[in-house]
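If you read the sequence shown in my numbering, its first letter stands for residue 43, the second for the next number, and so on.
The next block holds one structure in the form of structure tokens; read it before the comments.
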Amino acid sequence: MRSLLSMADLSGPDLDSLLKRARRLKRKIKSHEETVSLRGKVVGLLFEKPSTRTRTSFEVATIRLGGHSLYLSANELQLSRGEPVKDTARILGDYLDAIVARVYSQDVVNQLAEFSGVSTINALSDMEHPTQIVADLLTINEAKGRLKGLKIAYIGDGDNVCNSLLLGASIAGMNISVGCPPNYRPNEQILKRAVELARSSGSIVEVVTDPAEAAGGADVLYTDVWVSMGEEAEKERRLTAFRDYQINSKLLEAAKSDVSVMHCLPAHRGMEITEEVLEGPHSIVWLQGENKLYGAAAVLDWLVGKR
Ligand code: CP
Ligand code: NVA
Numbered sequence: 043m044r045s046l047l048s049m050a051d052l053s054g055p056d057l058d059s060l061l062k063r064a065r066r067l068k069r070k071i072k073s074h075e076e077t078v079s080l081r082g083k084v085v086g087l088l089f090e091k092p093s094t095r096t097r098t099s100f101e102v103a104t105i106r107l108g109g110h111s112l113y114l115s116a117n118e119l120q121l122s123r124g125e126p127v128k129d130t131a132r133i134l135g136d137y138l139d140a141i142v143a144r145v146y147s148q149d150v151v152n153q154l155a156e157f158s159g160v161s162t163i164n165a166l167s168d169m170e171h172p173t174q175i176v177a178d179l180l181t182i183n184e185a186k187g188r189l190k191g192l193k194i195a196y197i198g199d200g201d202n203v204c205n206s207l208l209l210g211a212s213i214a215g216m217n218i219s220v221g222c223p224p225n226y227r228p229n230e231q232i233l234k235r236a237v238e239l240a241r242s243s244g245s246i247v248e249v250v251t252d253p254a255e256a257a258g259g260a261d262v263l264y265t266d267v268w269v270s271m272g273e274e275a276e277k278e279r280r281l282t283a284f285r286d287y288q289i290n291s292k293l294l295e296a297a298k299s300d301v302s303v304m305h306c307l308p309a310h311r312g313m314e315i316t317e318e319v320l321e322g323p324h325s326i327v328w329l330q331g332e333n334k335l336y337g338a339a340a341v342l343d344w345l346v347g348k349r
């Protein structure tokens, strides 16, 4: 039983085949061709935090592939009254064919996978956001025609999205440079793993404090929110720490002239990205958002679909 708990769960060939699957499903879904690989399957979405894209894309992808989805808000489950995760997981595993979970702690999604016995998909935790990166790599490949050898610069908080991007870029053979304040570096264990993966794929991983240095010669610039879900109490401190880590037209000058700009969304205009750049000619953010549907479809088809 395979799950997608971390981007590091994917080998290079897994990632290639997942992206191929996403391209095939994108063609089929866009042309309204009937797809039935999830017929008779029930996918449960257990969410502890809000979501627009991830929730909707997984629900719609399940329907488009012929299955049924069920949204389970964690605060309406007995989990919210202290029922252990492992007990919840055992029961959900009896009823469902797969669990898509958005949680505060990575440990919760790991336990859901361990105790449910069904494929479990990390739809964002404090540590990672792997399904986001599947859609992002699909998008970069569409925009640039390849992944290997490109340079992506991630500017801002070394958060869950940054961690998964480090792993995903390294698996795909992309060079990645993270520009973040010293106190907001990516997870050190993940960084170490990314460096190992990059060694085998022949790419380079670096973390620097100067955003312009990170952005230098980049093919892709990527950012995420400065205040992630659950960090609201740190808002003021974070707004100060990230003040110089904005994707704006000045930063674009450091990158390649045909740089593509990405943001996993939701965006905060005037904070991590300017309105001008988000809505400007370099932005591939809306394609990136659209591609979450096809990334979700590929992940479900791969893990749950009938062969
Ligand atoms: N990018 C992303 O995960 O968006 P949602 O929070 O809307 O799911
Ligand atoms: N880092 C952000 C990503 C939102 C999709 C968060 O965790 O809130």
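We treat Cβ as the ideally placed atom computed from N, Cα and C, and that holds for glycine.
The structure displayed is predicted, hence computed values, not measured ones.
Check your understanding: How big is the Cα-Cα spacing for alanine 64 and arginine 188?
Key -> 15 Å
Review point. Any idea which residues DSSP pairs asparagine 164 with across the strands?
Key: Ala143
Check your understanding: Taking contact to mean at least 3 C-beta pairs separated by less than 8 Å, is the region 147 to 158 in contact with the region 117 to 132?
Key -> yes
Review point. Based on the DSSP output, what are the partners of valine 249 in its beta bridges?
Key: Val220
**Study point:** Residue span of the alpha helix (DSSP H) that contains threonine 98, given as start and end
**Key:** Unbroken alpha helix (DSSP H) run through threonine 98: 95 to 106.
Practice item. Evaluate valine 78 with the Cβ neighbour count: other Cβ atoms within 10 Å of its Cβ, from every protein chain shown; 16 or more gives buried, anything less gives exposed. Key: exposed
Check your understanding: Is the closest heavy atom of ligand 2 to the C-beta of aspartate 386 under 6 Å?
Key -> Here the chain comprises residues numbered 43 to 349, so residue 386 is not present and cannot be evaluated.
**Study point:** Three or more C-beta pairs below 8 Å linking the region 221 to 229 and the region 298 to 313
**Key:** no
**Study point:** Residues near alanine 50 in its chain [Cβ-Cβ closer than 7 Å; skip 5 each side]
**Key:** Leu209 and Arg235
Check your understanding: Taking a cut-off of 7 Å, which residues have a beta-carbon closer than that to any heavy atom of ligand 1, in chain order?
Key -> Pro92, Ser93, Thr94, Arg95, Thr96, Arg97, Leu166, His171, Gln174, Cys306, Leu307, Pro308 and Lys334
Review point. Taking contact to mean at least 3 C-beta pairs separated by less than 8 Å, is the region 167 to 185 in contact with the region 201 to 208?
Key: Enough Cβ pairs lie closer than 8 Å, so yes.
Check your understanding: Should serine 73 be listed as close to ligand 2, given that the test is whether its C-beta is under 6 Å from any heavy atom?
Key -> no
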